[in-house]
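The letter at position 75 of the sequence shown is residue 287 when you use the working numbering, and the numbering goes up by one with no holes. Below is one structure; the comments refer to it alone.
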Amino acid sequence: MEQVQTYPVRTDADGSQGRSRPGRAWWAGVAAVFIVQALTVAALTKRSYFFAEDFRFLAELHDGPIDADLLGYNVFGHFVPGLALGNHLFSQAFGTSWTAASVVILLFQLGGSIAFLRLLLALHGPEWWVPWATAAFSLSVVMLNNAVWWAATWTMGATTVCAVSAFGCAQRYFNTRRRRHLLSLAVMAALSFSFFEKSVVLCVYVGLFVLFVGGMSERETWAQRFRTALSVWPVWVVLAVVASIDLAIYQLGPYSESRSAPPGASLTAEYMLRALPEGSFTSVFGIVLPSVDPPGPSWLVPLVTSTILLLLIGWTSRRSRLAGRAWLWFLVCALVSHGFVALGRLSVLGVEQTAHMLRYQVDTNYLLLVTLTIALSAAVRTLAEDTRARLHGARAKIAAGLVLVLLPGWAASVRAISEDSPGRDADVYFSALRADGTPPKPFLDVPVPDWVVPANQYPWNMPSRIFEQIDPGAETTVDPRGARAIAIDGKVHDVELQPLHGPVRSKVCLDPSPIAVSLVDGMQMPQQPVWDPLMVVVDYVARGSGRVVFTGQDPSGQPVLAGGTLQSDYTVEGAGRVAFPTTVALSELGVVVEGARVCFRSFGIAVVR
Numbered sequence: 213m214e215q216v217q218t219y220p221v222r223t224d225a226d227g228s229q230g231r232s233r234p235g236r237a238w239w240a241g242v243a244a245v246f247i248v249q250a251l252t253v254a255a256l257t258k259r260s261y262f263f264a265e266d267f268r269f270l271a272e273l274h275d276g277p278i279d280a281d282l283l284g285y286n287v288f289g290h291f292v293p294g295l296a297l298g299n300h301l302f303s304q305a306f307g308t309s310w311t312a313a314s315v316v317i318l319l320f321q322l323g324g325s326i327a328f329l330r331l332l333l334a335l336h337g338p339e340w341w342v343p344w345a346t347a348a349f350s351l352s353v354v355m356l357n358n359a360v361w362w363a364a365t366w367t368m369g370a371t372t373v374c375a376v377s378a379f380g381c382a383q384r385y386f387n388t389r390r391r392r393h394l395l396s397l398a399v400m401a402a403l404s405f406s407f408f409e410k411s412v413v414l415c416v417y418v419g420l421f422v423l424f425v426g427g428m429s430e431r432e433t434w435a436q437r438f439r440t441a442l443s444v445w446p447v448w449v450v451l452a453v454v455a456s457i458d459l460a461i462y463q464l465g466p467y468s469e470s471r472s473a474p475p476g477a478s479l480t481a482e483y484m485l486r487a488l489p490e491g492s493f494t495s496v497f498g499i500v501l502p503s504v505d506p507p508g509p510s511w512l513v514p515l516v517t518s519t520i521l522l523l524l525i526g527w528t529s530r531r532s533r534l535a536g537r538a539w540l541w542f543l544v545c546a547l548v549s550h551g552f553v554a555l556g557r558l559s560v561l562g563v564e565q566t567a568h569m570l571r572y573q574v575d576t577n578y579l580l581l582v583t584l585t586i587a588l589s590a591a592v593r594t595l596a597e598d599t600r601a602r603l604h605g606a607r608a609k610i611a612a613g614l615v616l617v618l619l620p621g622w623a624a625s626v627r628a629i630s631e632d633s634p635g636r637d638a639d640v641y642f643s644a645l646r647a648d649g650t651p652p653k654p655f656l657d658v659p660v661p662d663w664v665v666p667a668n669q670y671p672w673n674m675p676s677r678i679f680e681q682i683d684p685g686a687e688t689t690v691d692p693r694g695a696r697a698i699a700i701d702g703k704v705h706d707v708e709l710q711p712l713h714g715p716v717r718s719k720v721c722l723d724p725s726p727i728a729v730s731l732v733d734g735m736q737m738p739q740q741p742v743w744d745p746l747m748v749v750v751d752y753v754a755r756g757s758g759r760v761v762f763t764g765q766d767p768s769g770q771p772v773l774a775g776g777t778l779q780s781d782y783t784v785e786g787a788g789r790v791a792f793p794t795t796v797a798l799s800e801l802g803v804v805v806e807g808a809r810v811c812f813r814s815f816g817i818a819v820v821r
């Protein structure tokens, strides 16, 4: 590959070759992009908060030294030392401060924009349209979608920032052969892999780029590009070493045990056919499906956006060999990216949800934008000089027209990202805890709403695990008498139990024994309400300090813990009442007593109002 300058060589109007420098207007455009991005991200984070696994990460990763155990923290079968270290340092410094978290999210978002800008400079130099292309990345719905979720910022968001930066480092090494770019590549690739092990696919993207696109020349042959790939062998050594270390740790650890079953061939084929038309081909226009869907059949938007892009692919490829090679590179990379997504998530989420989910479009989003810059600029260079001059003179009108056409859909999509995010509900739900002043009464330990923290993340959906992270003075209890609860609108209220079964009087007194004794059998469990978890309510009198473990049977007669997947054992002393949620339909309630004689006075099923 020919040695070129830091910025790619371009031809000036007089036919001489030189390096252009960005002017003040160019830098003003870049600054405007960053300002708009910062304001948009700030607006999104203002109405969001921690939710889902965020609380678990901040609590479990808070304590302990920075060692192999912390860095090897298993996140749903993923090896993500970057996430582990980042959450450890953040929680120790800021706890659960959403203000500090919003600043971190903004820094990641701006960092991604800077990385993409530098990648474009390495590919094209400071062309007039680079700020506009940077805006397409910075304000893309795929990037902004990560701003409303703390966990997504530390996985897909951070991975994308580092991967784009690593891509730029590789391109700068191709341009200059300077070792500092090689070192930067090693650092950024390692960081990218540390936030998500599947980002090792970056090696494929960079390798195929050299083979398909090469030195951005129309006349390069396959043989020339292959020789170029061999000449930059240090890049492949760096990527191979870093990726091998990451994958070796992943394979030797417990992470692969959590893999989901691979999807079937028909399911995979359907996803591959729908992923681009309903995913990146639509989101690149600023439209989020199915949240934003104009009137008409559901297939209309993907059809229109895909048709526009296919026509663009056809026109640019016909005008320029380089454009055709760039599109071929993108399509192969998209196939690889979607293949990785299908292996990990398709059998769990299904085709439609996987195709529409923005966080699975992060790779194809920036790859598509990079390809558009290469293909369009290459095709325009083949036009007649007077045509290029007219287009250049009308560039402001063209840019303004595109903004006016795309703005309504983009604005609706950003609004949907904010309003549909569980972070918005979490912001409302936890508002009382975040206000000044600790509530005077303890909170009943009843699961938070499922859309704030899913039930399958128990025990991290319980106030006893969450509330003290938000307000260290908040206390929880299993005794509903005098306890308080938080409604879905964020208002704190006194607990009121609405009986659905019983209470049934009981006179069972039990001495400590390892054998479970039935308290109630032949139960007809009430139907589970839509939002409110069923609570098992038991009154007791203990002679001393003891422990009770509630057991039971499901309708098929299989023995279960009375709480199902939830906690079913409690410490008892004196006269009291315990109310605990259950996830199973009980046909029988039993108990094991330890440490003291316990008499049970009544039993019932209720919901908290």
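Cβ coordinates follow ideal geometry from the N, Cα and C atoms, glycine included. Here the structure is a predicted model, which is why all the values come from computation and not from measurement.
Distance from A378 to M400 at the Cβ level is roughly 4 angstroms; contact confirmed, criterion being Cβ atoms closer than 8 angstroms. DSSP lists V732, G764 as the bridge partner or partners of L801. In chain order, P692, A695, A697, V707 place their CB closer than 6 angstroms to the CB of L656, counting only its own chain and leaving out the 5 sequence neighbours on each side. Take the alpha-carbon of V720 and the one of F815: they are about 11 angstroms apart. If you look at G380, you'll find it in the alpha helix (DSSP H) that goes 370–388.
For L712, the enclosing beta strand (DSSP E) has its first and last residue at 709–722. Closest option to F288, judged by alpha-carbon separation, among G465, L301, V425, R233: G465. By the C-beta density criterion, Q383 is buried, having at least 16 other C-beta atoms within 10 angstroms. For D575, the secondary structure class from DSSP, reduced to helix, strand or coil, is helix. Put simply, the backbone Cα of A296 is about 28 angstroms away from that of R330. Taking C-beta atoms as the reference points, A596 and A535 fail to come closer than 7 angstroms.
In the DSSP assignment, R789 falls within the unbroken beta strand (DSSP E) covering 781–793.
S630 and R636 have their C-alpha atoms spaced approximately 7 angstroms apart. The straight-line gap separating the alpha-carbon atoms of L522 and S478 is approximately 25 angstroms. Within the DSSP bridge table, the entry for I698 names V704 as partners. Under the three-state reduction of DSSP output, G289 falls in the coil class, being neither helix nor strand. A Cβ-Cβ distance of about 7 angstroms is found for the pair F497 and G621, placing them in contact under the 8 angstroms criterion. Around R268, the same chain offers W672 as residues with beta carbons nearer than 6 angstroms, after the five sequence neighbours per side are excluded. By the C-beta criterion, the stretch 496–511 is judged not to be in contact with the stretch 478–488, since fewer than 3 inter-stretch pairs fall below 8 angstroms.
Residues D691, P692, R693, V749, V750, D751, Y752 of the same chain have their beta carbon placed closer than 8 angstroms to that of R789, with the five preceding and five following residues left out of the count.
Annotated three-state conformation of S814 is strand, per DSSP.
The beta-bridge partner set that DSSP reports for L656 consists of T689. DSSP places I727 within a strand segment (E or B) once states are collapsed to three. Assignment of S510 by DSSP, reduced to helix, strand and coil, places it in the coil class. For R759, the closest C-alpha among the options S768, L722, V805, L798 is that of V805. With fewer than three CB-CB distances shorter than 8 angstroms, the stretch 524–540 does not count as touching the stretch 439–447. In this structure, V425 keeps its C-beta atom at 7 angstroms or more from the C-beta atom of A554. With the rule of 3 Cβ pairs closer than 8 angstroms, the stretch 384–400 does not count as touching the stretch 339–353. A Cβ-Cβ distance of about 6 angstroms is found for the pair H568 and P502, placing them in contact under the 8 angstroms criterion.
In the DSSP assignment, P745 falls outside any alpha helix (DSSP H), carrying neither H nor E.
For E806, the beta-bridge partners assigned by DSSP are R759.
For A754, the three-state secondary structure derived from DSSP is strand. Contact annotation: A818 and L712 have beta-carbon atoms nearer than 7 angstroms. Excluding residues up to 5 positions away in sequence, F328, F349, T372, V376 lie with their Cβ nearer than 7 angstroms to the Cβ of Y578 in the same chain. In terms of Cβ geometry, V412 and V548 do not form a close pair [threshold 7 angstroms]. Going by DSSP, L335 is part of the alpha helix (DSSP H) stretching over 310–336.
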